[in-house]
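**Q** Below you will find the structure I want to go over with you.
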Amino acid sequence: MSHLSTSHLLGIKYLTKADIDLILHTAKSFKEVINRPIKKVPSLRDITIANLFFENSTRTKLSFELAQKRLSADVVNFSASSSSVKKGETLVDTVNNILAMKVDMVVMRHSSPGASVFLSKRIKSKIINAGDGAHEHPTQALLDAFSILESLGSLKGKKITIVGDILHSRVALSNIFLLQKMGAEVKVCGPTTLIPRYINSLGVGVETDLRKALEWCEVANLLRIQLERQDIKFFPSLREYTMLYGLNLELLESLRNKIVIMHPGPINRGVEISSDVADHKQSIILEQVENGVAVRMAVMFLLAGRN
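Using the numbering used here, the letters of the sequence shown correspond one by one to residues 109 to 415.
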């Protein structure tokens, strides 16, 4: 199969296992490209892509922009995080204005869950969801899967623990969907106030003891505490959270098993992860950043219908 079964990337739940395999296989080729002396290919030379970020983003936006430039696409950036574009109608108006400029593809981050699905039904461009509220973040899950593959050789049968603020995390949900489709086992770990009630319906294990969760897994994906999404207190203090759920060097080195450490970023050093663990040889956090560019190149290349 050399084509995706979908014309947009709205979420992992809309992808088949074959789609995921194709994206990860294509990303492998692009990773070789970005490690060459000349990192640019003309694959999307006649394609115009609009980056619409209705929410602040540094890492994802930079990663997409770099991927677009490596593919020689024309790029239009629209940052609406400071404007009052929040409602559906103004969202469509904004996009229609951009489409009048003949845009082929839209990369969008929005605070409303389902914003990219809403848009995909109303405009002709290909849509890539770069994060919709606390719902999905498909390219992050794809780059995480690519990074695990590089470290462990496969996803099937692997045990992955996702630690932290599961309730507010789009990364957690996309990762759960993807890892399960690829045959991995997933557990979540964190304070019960940060574990969503529906989690059991996804077939995911829950562990509130960090040491037990880490001794069960081969990969630990540590999430940031998303204070900006929390309108009430979900735990007494960051200090207490760190004492119970922060991964430090002493805990890492006392584990019976050797685990791979991941983090989607940005890192709160000293909260969910200590500096010496973030920079540890078992950490693949910087590899995730590099792999993000290759994976996003693969997604845009495939959605553009290139072979």
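We put the beta carbon where it would ideally sit given N, CA and C, even for glycine.
1. Which runs of the alpha helix (DSSP H), 4 residues or longer, sit entirely within the stretch 275 to 360?
2. Identify which residue in Ile274, Ile284, His276 has its Cα closest to the Cα of Lys267.
3. Once the 5 residues before and after Ala175 are set aside, which same chain residues still bring their CB inside 7 Å of it?
4. What are the partner residues of Arg217, as DSSP defines its beta bridges?
5. Examine the Cβ distances between the stretch 249 to 256 and the stretch 127 to 138 and report whether three or more of them are shorter than 8 Å.
6. Between which two residues does the alpha helix (DSSP H) holding Met405 run?
7. Should the stretch 343 to 361 be regarded as contacting the stretch 376 to 395, the criterion being three or more beta carbon pairs within less than 8 Å?
8. Just to check my reading of the structure: Phe161 and Ser187 have Cβ atoms closer than 8 Å, yes? What is that Cβ distance to the nearest angstrom?
9. Assign Gly354 to buried or exposed, taking buried as 16 or more other Cβ atoms, counted over all protein chains shown, within 10 Å of its Cβ.
10. Are there 16 or more other CB atoms within 10 angstroms of the CB of Asp201, so buried, or fewer, so exposed?
11. Quick check: the Cα distance between Lys232 and Ile206, rounded to an integer number of angstroms?
12. What residue from Lys169, Lys229, Gly261, Ser224 has the CA that sits closest to Glu326's CA?
13. With DSSP as the reference, identify every bridge partner of Met370, one or two as the case may be.
14. In this structure, how does DSSP classify Asp384 when only helix, strand and coil are distinguished?
15. Tell me which same chain residues have a C-beta within less than 8 Å of the C-beta of Phe343, skipping the five on either side of it?
16. Between Ser165, Asn308, Gly272, which lies nearest to Asp240 when the distance is taken from Cα to Cα?
17. Which word fits Lys320, buried or exposed, when buried means at least 16 other C-beta atoms lie within 10 angstroms of its C-beta?
18. From Val296, Leu250, Glu173, pick the residue whose C-alpha is nearest to that of Val271; which is it?
19. Check whether the Cβ atoms of Gly119 and Asn237 sit closer than 8 Å, and answer yes or no.
20. Can you give the beta carbon distance from Leu263 to Met290, rounded, assuming they're within the 8 Å contact cut?
21. Give the straight-line distance between the Cα atoms of Leu322 and Leu199, rounded to the nearest whole angstrom.
22. Can you tell which of Ala249, Asn204, Ile274 has the C-alpha that lies nearest to the C-alpha of Val397?
23. Just to confirm the assignment, what range does the beta strand (DSSP E) spanning Ala238 have?
24. How is the beta strand (DSSP E) around Lys267 delimited, first residue to last?
25. Quick one: using the 10 Å Cβ neighbour count with 16 as the cut-off for buried, is Ile146 buried or exposed?
26. Hey, quick one: how far does the beta strand (DSSP E) through Asp212 stretch, first residue to last?
27. So what's Asp154 in DSSP terms, helix, strand or just coil?
**A** According to the structure shown:
1. 278 to 289, 318 to 324, 346 to 353
2. Walking along the sequence shown from the start, residue 267 turns up at place 159. For Lys267, the nearest C-alpha among the options comes from Ile284.
3. The residue you call residue 175 lines up with position 67 of the sequence shown. Non-local C-beta neighbours of Ala175 in its own chain, meaning closer than 7 Å and more than five positions away in sequence, comprise Val401, Arg404, Met405, Met408, ordered along the chain.
4. Counting from one through the sequence shown, the residue named residue 217 turns up at place 109. Note: Arg217 sits in a beta bridge opposite Phe161.
5. yes
6. Here residue 405 refers to the residue found at position 297 when the sequence shown is read from its first residue. That run of the alpha helix (DSSP H) goes 393 to 411.
7. The stretch 343 to 361, when compared against the stretch 376 to 395, does touch it at the 8 Å Cβ threshold.
8. Counting from one through the sequence shown, the residue named residue 161 turns up at place 53. Counting from one through the sequence shown, the residue named residue 187 turns up at place 79. The beta-carbon distance between Phe161 and Ser187, rounded to whole angstroms, is 5 Å. This is short enough to meet the 8 Å contact definition.
9. Working through the sequence shown from its first residue, we reach residue 354 at position 246. So Gly354 counts as buried.
10. As a first step, residue 201 is located in the sequence shown; it is residue number 93 there, counting from the start. Label assigned to Asp201: exposed.
11. Here residue 232 is taken as the residue at index 124 of the sequence shown, counted from 1. Here residue 206 is taken as the residue at index 98 of the sequence shown, counted from 1. The alpha-carbon atoms of Lys232 and Ile206 are separated by roughly 12 Å.
12. For the purposes of this step, residue 326 is taken as the residue at position 218 of the sequence shown. Cα-wise, what sits closest to Glu326 is Gly261.
13. By one-based count along the sequence shown, residue 370 stands at place 262. Answer is Asn329, bridged to Met370.
14. By 1-based counting over the sequence shown, the position of residue 384 is 276. If DSSP states are grouped into helix, strand and coil, Asp384 belongs with the helices.
15. By 1-based counting over the sequence shown, the position of residue 343 is 235. These residues qualify, in order along the chain: Pro299, Thr301, Leu302, Tyr349.
16. One-based indexing of the sequence shown puts residue 240 at position 132. Cα-wise, what sits closest to Asp240 is Ser165.
17. What you label residue 320 is simply residue 212 of the sequence shown in a count that begins at 1. Per the 10 Å Cβ criterion, exposed.
18. For the purposes of this step, residue 271 is taken as residue 163 along the sequence shown, with counting starting at 1. The shortest Cα separation from Val271 among Val296, Leu250, Glu173 belongs to Val296.
19. Counting from 1 along the sequence shown, the entry for residue 119 is found at position 11. Counting from 1 along the sequence shown, the entry for residue 237 is found at position 129. Yes, Cβ-Cβ distance for Gly119 and Asn237 is below 8 Å.
20. For the purposes of this step, residue 263 is taken as residue 155 along the sequence shown, with counting starting at 1. For the purposes of this step, residue 290 is taken as residue 182 along the sequence shown, with counting starting at 1. Correct: roughly 4 Å between the Cβ atoms.
21. The residue labelled residue 322 in the question sits at position 214 within the sequence shown. The residue labelled residue 199 in the question sits at position 91 within the sequence shown. Each residue's Cα considered, the two are about 42 Å apart.
22. Here residue 397 refers to the residue found at position 289 when the sequence shown is read from its first residue. With distances taken between Cα atoms, Val397 lies closest to Ala249.
23. Looking up residue 238 in the sequence shown gives position 130. Unbroken beta strand (DSSP E) run through Ala238: 234 to 240.
24. The residue given as residue 267 occupies position 159 in the sequence shown. Residues 267 to 271.
25. Taking the first residue of the sequence shown as position 1, residue 146 is located at position 38. Looking at its Cβ environment, which holds fewer than 16 other Cβ atoms inside 10 Å, Ile146 is exposed.
26. Taking the sequence shown and counting its residues from 1, the one referred to as residue 212 is at position 104. Neither: Asp212 is in no beta strand (DSSP E) and is coded neither H nor E.
27. Along the sequence shown, one-based indexing puts residue 154 at 46. Reduced to three states, the DSSP call for Asp154 is coil.
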